[in-house]
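**Student:** Heads up: the sequence lines are chains A and B, in that order. Sequential numbering from -3 applies to the first sequence in the numbering used here. Sequential numbering from -3 applies to the second sequence in the numbering used here. Backbone N, C-alpha and C fix where the C-beta goes; we use that ideal spot for every residue, glycine too.
Number of protein chains: 2
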Amino acid sequence: MSSITTSRGYAIHDTKDYKNFKVIEYPLKKEEADDVTVHVDVCGTCGSDHHTISGGWGPLTHPEYIITGHEIVGKVVQVGPNVKEFKVGDRVGIGAQAGSCGKCKECQNDNENYCSVSPVDTYNGKWPSGDYSQGGYSTHVRAQQKFVFHLPEQITSEDAASILLGKSSREHNLIASVHLFRLCAGITSCSPLFRNNVGQGSKVGVVGLGGLGHYAVLFAVALGAEVTVSIFAKKQCHLPFSPVYPIFEQVFSHSERKKDDALKMGAKHFVTTTGDFAKDHALSLDIIICTASNASLPLNELITCLVPQGKFVWNGMPETDWPALRSQTMAGNGAFIGSSHIGSKAEITRMLQLAADKNIKPWITTRPMKEAAQSIEDVETGRARYRTILIQDIDQ
Amino acid sequence: MSSITTSRGYAIHDTKDYKNFKVIEYPLKKEEADDVTVHVDVCGTCGSDHHTISGGWGPLTHPEYIITGHEIVGKVVQVGPNVKEFKVGDRVGIGAQAGSCGKCKECQNDNENYCSVSPVDTYNGKWPSGDYSQGGYSTHVRAQQKFVFHLPEQITSEDAASILLGKSSREHNLIASVHLFRLCAGITSCSPLFRNNVGQGSKVGVVGLGGLGHYAVLFAVALGAEVTVSIFAKKQCHLPFSPVYPIFEQVFSHSERKKDDALKMGAKHFVTTTGDFAKDHALSLDIIICTASNASLPLNELITCLVPQGKFVWNGMPETDWPALRSQTMAGNGAFIGSSHIGSKAEITRMLQLAADKNIKPWITTRPMKEAAQSIEDVETGRARYRTILIQDIDQ
């Protein structure tokens, strides 16, 4: 087989025209010894895709175009000479990171997701060679073997084939299973649960119930935690001292629908951030996973819901600063606020095992990849229930 | 002995005239069954005193006056009927908290410093009865027994007497020992070290070298940590993207003096936050204790100096918001930022034992209590080296 050097993908050329996807052909990074080249079968749509193509997270790395997508499942089609873990034909996943230096303290200690020497995002990144990284709304993606993941045995090859061709009547459930391998939303929610020892008896809050949030609920429940889901009226909440947040009727119905879903996912409590919610839940949660991608939320009040030294992990990535904080805000319960960056291979492996053991099924919908614009719009408007998977159609 | 109902103290009557201390007589809180009444022998001056009397932390609780001081050593002169731990004549300490509900989950689990039901600060607070709390720039303070602490056996009664009368030539060192019991600066620095398992091999950063900071260095060193002290040009640093902070010559000399002191206290490294300091120290510290009482510091850069999931504990209490933060800032190393509120009785007991075991001597100066204004000014200007103890003089 001749060496693969190019890919075709759904590209955006202008952040001001960010739903105008056009299929283009472009060069893959030059293959290096540790690289695995994957043919993309399905790719999830992540909030990151929307933030990136709309310019909300800043300018694009490549001067002309961007191909997003970092929740990739596909098949290995080429491997570099150092690759021992994968062979051509293996079904694998790739997440939000495609490379790192491999040598620093972080890379050597299961923290490669925190490599600061040469971390490379799966798309909108740049390799040390100067090549650009492009994502999975495409036919091919190339990544270092450390950032490629085997699919679990529970999914047979036959099932996988039907999923990946998008033809089986069992498609939904099976893709759901494969979709667990999506290495952005799933592991982004799971890593802080693991790193903070969430388990039986833990009290976990989840703020926001979208793609990230629904994973946080599913995994926290699977770990044995008692989960409280909180949602709020995006853009209509005002911080921080108004006693009642102006939540409109429309939002209440939104809230009711999400409440039903949250309880079905295993959450025990559902809270809308109105009135005295913070007083009612003071000092009650060990950790809050905040998946909100909009910074307009009652942060000070939410923090008071944590136990002493509890943690507020804001995994959503708003395009603006968090509401203002000061020592006095945090000293009341000695709480901490931070964020998290995907997860390490060790954590992803643990997540996969957990998903297999507990038969966790994410809630997804599927679309052909040519409907990427619609999928982006679903993320943008919060209509996605709760994650959209794009099925490869460029080859067909 | 007739029941004690009043105290005399150095009061401030106007936050706009906050160095004009006048001795007044005022009522103590009504005695309850768990209360211990202490005659004050010495009282430390804390940054909190300055922030409070100058109105920087907001309006005063009592409509007419405030008596600050919450680093108190004195003798028990009266106990309520439920008090078993103390008897009249005991030499004790009182810190920044004088009361709590005693019944909530926090109070029952060695987190009484995080009681949210009815926590009462030693001064500028209000008891559930409606009585005001006033501090230790005074003859008497009354607190619940949970917030009163025995002094260690290492200090004999004879020594203590000479200290407390302020007459011995050995005064400095002995007061230094007693001063360890100061339950604001000492425990505020110690509690996050304890709660984050700082020990042999830990890498601890300390930002700012004043009262709090010098305790953080002494205790972290005593716990076996490798300590890096960082200071910066207060009010002259600009955040966050200027590559070089405008630090003036005057500050450099300030820096050199503090460097000598930091190394004498046991710190291994000393860093001024100029140029590429953050790059040079990226991902190197397990925890940073930030004692700065001014929010103008290069926060984003300091956070990048933490290891993955490292913690930035901002124990200083600036009067303004922290520099702006966002998820992206914190995701780079998955770090956390928070604060801390003094410490529990269990932690204070542990701190005292540590101080006794390691013979920790804080760096202090002493003044008669009538020089409170000068002591406040030393805190305000950063001239205190590193803590001032006021010696009782109202009775004399």
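#1: Do you know how far the Cα of Pro188 of chain A is from the Cα of Met347 of chain B?
#2: What residues match up with Ile372 of chain B in a beta bridge as DSSP calls it?
#3: Compile a chain-ordered list of the residues in the region 201 to 220 of chain A whose CB is closer than 8 Å to at least one CB of chain E.
#4: Can you list, in chain order, the residues of its chain whose CB lies under 6 Å from that of Gly51 of chain A, leaving out five sequence neighbours each side?
#5: Mind listing the chain B neighbours of Arg346 of chain A? Cutoff is C-beta to C-beta under 7 Å, in chain order.
#6: Could you tell me whether any Cβ in chain B is nearer than 9 Å to the Cβ of Gln104 of chain A?
#7: Secondary structure at Val84 of chain A, three-state DSSP: helix, strand or coil?
#8: So what does Tyr128 of chain B bridge to, in DSSP terms?
#9: Straight-line CA distance for Lys366 of chain B to Leu56 of chain B?
#10: So, for Ser251 of chain B: in the same chain, excluding its five sequence neighbours on each side, which residues have a beta-carbon less than 7 Å away from its beta-carbon?
#11: Counting only runs of 3+ residues fully inside the region 265 to 297 of chain B, write out the beta strand (DSSP E) ranges in chain order.
#12: Just to make sure I have the definition right: I need the residues of chain B whose C-beta is within less than 7 Å of the C-beta of Pro304 of chain A. Which are they?
#13: For Arg383 of chain A, which residues does DSSP report across the bridge?
#14: Whose CA, out of A:Gly334, A:Val36, A:Thr41 and A:Lys25, lies closest to the CA of His58 of chain A?
#15: Does any residue of chain B have a CB that is nearer than 9 Å to the CB of Leu279 of chain A?
#16: At a CB-CB cut-off below 8 Å, which residues of chain A make contact with Pro314 of chain B?
#17: Can at least three beta-carbon pairs, one atom from the region 204 to 220 of chain A and one from the region 254 to 267 of chain A, be found at a separation below 8 Å?
#18: Just the chain B side, please: which residues come within less than 7 Å of Asp317 of chain A by C-beta, in chain order?
#19: Locate the beta strand (DSSP E) running through His35 of chain B, then write down its first and last residues.
#20: From the DSSP output, in three-state form, read off Leu235 of chain B for me.
#21: Is the CB-CB distance between Ser112 of chain A and Thr224 of chain B below 9 Å?
#22: Using Cβ-Cβ distances below 9 Å, what residues of the region 324 to 335 of chain B are close to chain A?
#23: What's the call for Asp374 of chain A, buried or exposed, on a 16-neighbour Cβ count within 10 Å?
#24: Could you spell out where the beta strand (DSSP E) holding Lys307 of chain A opens and where it closes?
#25: Just confirm the distance between the C-beta atoms of Pro115 of chain B and Ser96 of chain B, as a whole number of angstroms; I'd bet it's less than 8 Å.
#26: What separation, rounded to the nearest whole angstrom, lies between the Cα atoms of Arg138 of chain B and Asn120 of chain B?
#27: Just checking, does the region 338 to 357 of chain A make contact with the region 202 to 211 of chain B on the three C-beta pairs under 8 Å criterion?
#28: For the alpha helix (DSSP H) containing Gln349 of chain B, list its first residue and its last residue.
#29: At which residues does the beta strand (DSSP E) containing Phe332 of chain B begin and terminate?
#30: In terms of residues, what are the limits of the alpha helix (DSSP H) holding Gln388 of chain B?
#31: Between the region 43 to 61 of chain A and chain B, which residues of the former have a C-beta closer than 9 Å to a C-beta of the latter?
#32: Using the rule of at least 16 other Cβ atoms within 10 Å of the residue's Cβ for burial, across every protein chain shown, is Gln104 of chain B buried or exposed?
#33: When the Cα atoms are used, what is the spatial distance from Met326 of chain B to Gly131 of chain B?
#34: Are Trp53 of chain B and Gln349 of chain A touching if we call contact CB-CB under 9 Å?
**Tutor:** Taking the definition as stated:
#1: Walking along the second sequence from the start, residue 347 of chain B turns up at place 351. Walking along the first sequence from the start, residue 188 of chain A turns up at place 192. Going from the Cα of Met347 of chain B to the Cα of Pro188 of chain A covers about 31 Å.
#2: As a working mapping, residue 372 of chain B is identified with position 376 in the second sequence. In DSSP, Ile372 of chain B forms no bridge with anything.
#3: The structure shown has no chain E; the protein chains it does contain are A and B.
#4: What you label residue 51 of chain A is simply residue 55 of the first sequence in a count that begins at 1. Here the set comprises Thr11.
#5: The count along the first sequence starts at 1 and reaches residue 346 of chain A at position 350. Residues of chain B passing the Cβ test: none, with the nearest at roughly 16 Å.
#6: Indexing the first sequence from 1 puts residue 104 of chain A at position 108. No - not a single Cβ of chain B is within 9 Å of the one on Gln104 of chain A.
#7: Taking the first sequence and counting its residues from 1, the one referred to as residue 84 of chain A is at position 88. Residue state, collapsed to three classes: coil.
#8: The sequence position of residue 128 of chain B within the second sequence is 132, counting from 1. Paired residues: B:Lys122.
#9: Working through the second sequence from its first residue, we reach residue 366 of chain B at position 370. Working through the second sequence from its first residue, we reach residue 56 of chain B at position 60. So the two alpha carbons sit approximately 22 Å from each other.
#10: Position 255 of the second sequence, counting from 1, holds the residue named residue 251 of chain B. Hits under 7 Å: Ile227 and Thr268.
#11: You should have 265 to 268 and 281 to 286.
#12: Looking up residue 304 of chain A in the first sequence gives position 308. Glu102, Asn107 and Tyr110, listed in chain order.
#13: Counting from one through the first sequence, the residue named residue 383 of chain A turns up at place 387. Note: Arg383 of chain A sits in a beta bridge opposite A:Ile360.
#14: As a first step, residue 58 of chain A is located in the first sequence; it is residue number 62 there, counting from the start. Nearest in C-alpha terms to His58 of chain A, of all of A:Gly334, A:Val36, A:Thr41 and A:Lys25, is A:Lys25.
#15: Along the first sequence, one-based indexing puts residue 279 of chain A at 283. Output row for Leu279 of chain A: interface = yes.
#16: Along the second sequence, one-based indexing puts residue 314 of chain B at 318. Close partners of Pro314 of chain B in chain A (Cβ separation under 8 Å): Arg322 and Ser323.
#17: Taking a cut-off of 8 Å for Cβ pairs, the region 204 to 220 of chain A and the region 254 to 267 of chain A touch, as three or more such pairs fall below it.
#18: The residue given as residue 317 of chain A occupies position 321 in the first sequence. Result: Ala320, Leu321 and Arg322.
#19: The residue you call residue 35 of chain B lines up with position 39 of the second sequence. Per DSSP, His35 of chain B belongs to the beta strand (DSSP E) from Asp31 to Thr41.
#20: Reading the second sequence from its first residue, position 239 is the one you call residue 235 of chain B. Confidence is the limiting factor: at Leu235 of chain B the pLDDT is only 34, short of 50, which leaves the residue's position unreliable and the question unanswerable from this model.
#21: As a position in the first sequence, residue 112 of chain A is number 116, starting the count at 1. As a position in the second sequence, residue 224 of chain B is number 228, starting the count at 1. Not a contact, by the Cβ cut-off of 9 Å.
#22: Those residues of the region 324 to 335 of chain B that come within reach of chain A (Cβ to Cβ, closer than 9 Å) are Gln324, Thr325, Met326, Ala327, Gly328, Asn329, Gly330, Ala331, Phe332, Ile333, Gly334 and Ser335.
#23: In the first sequence, the residue the question calls residue 374 of chain A occupies position 378. Looking at its Cβ environment, which holds 16 or more other Cβ atoms inside 10 Å, Asp374 of chain A is buried.
#24: Looking up residue 307 of chain A in the first sequence gives position 311. Where Lys307 of chain A is concerned, the enclosing beta strand (DSSP E) stretches over Leu302 to Trp310.
#25: The residue labelled residue 115 of chain B in the question sits at position 119 within the second sequence. The residue labelled residue 96 of chain B in the question sits at position 100 within the second sequence. About 5 Å separates the two Cβ atoms, so the contact holds.
#26: As a working note, residue 138 of chain B is residue 142 in the second sequence. As a working note, residue 120 of chain B is residue 124 in the second sequence. Roughly 13 Å separates the two Cα atoms.
#27: no
#28: Walking along the second sequence from the start, residue 349 of chain B turns up at place 353. Looking at the DSSP string, the run of the alpha helix (DSSP H) that includes Gln349 of chain B is Lys341 to Lys354.
#29: Within the second sequence, numbered from 1, the residue matching residue 332 of chain B stands at position 336. Looking at the DSSP string, the run of the beta strand (DSSP E) that includes Phe332 of chain B is Phe332 to Gly334.
#30: Sequence index remark: in the second sequence, residue 388 of chain B carries index 392 (1-based). Where Gln388 of chain B is concerned, there is no enclosing alpha helix (DSSP H), given that its DSSP letter is neither H nor E.
#31: Trp53
#32: Mapped onto the second sequence, residue 104 of chain B falls at position 108. Gln104 of chain B is exposed by the Cβ-count criterion.
#33: Residue 326 of chain B sits at position 330 when you count from the first residue of the second sequence. Residue 131 of chain B sits at position 135 when you count from the first residue of the second sequence. Going from the Cα of Met326 of chain B to the Cα of Gly131 of chain B covers about 39 Å.
#34: Reading the second sequence from its first residue, position 57 is the one you call residue 53 of chain B. Reading the first sequence from its first residue, position 353 is the one you call residue 349 of chain A. No. Outside cutoff.
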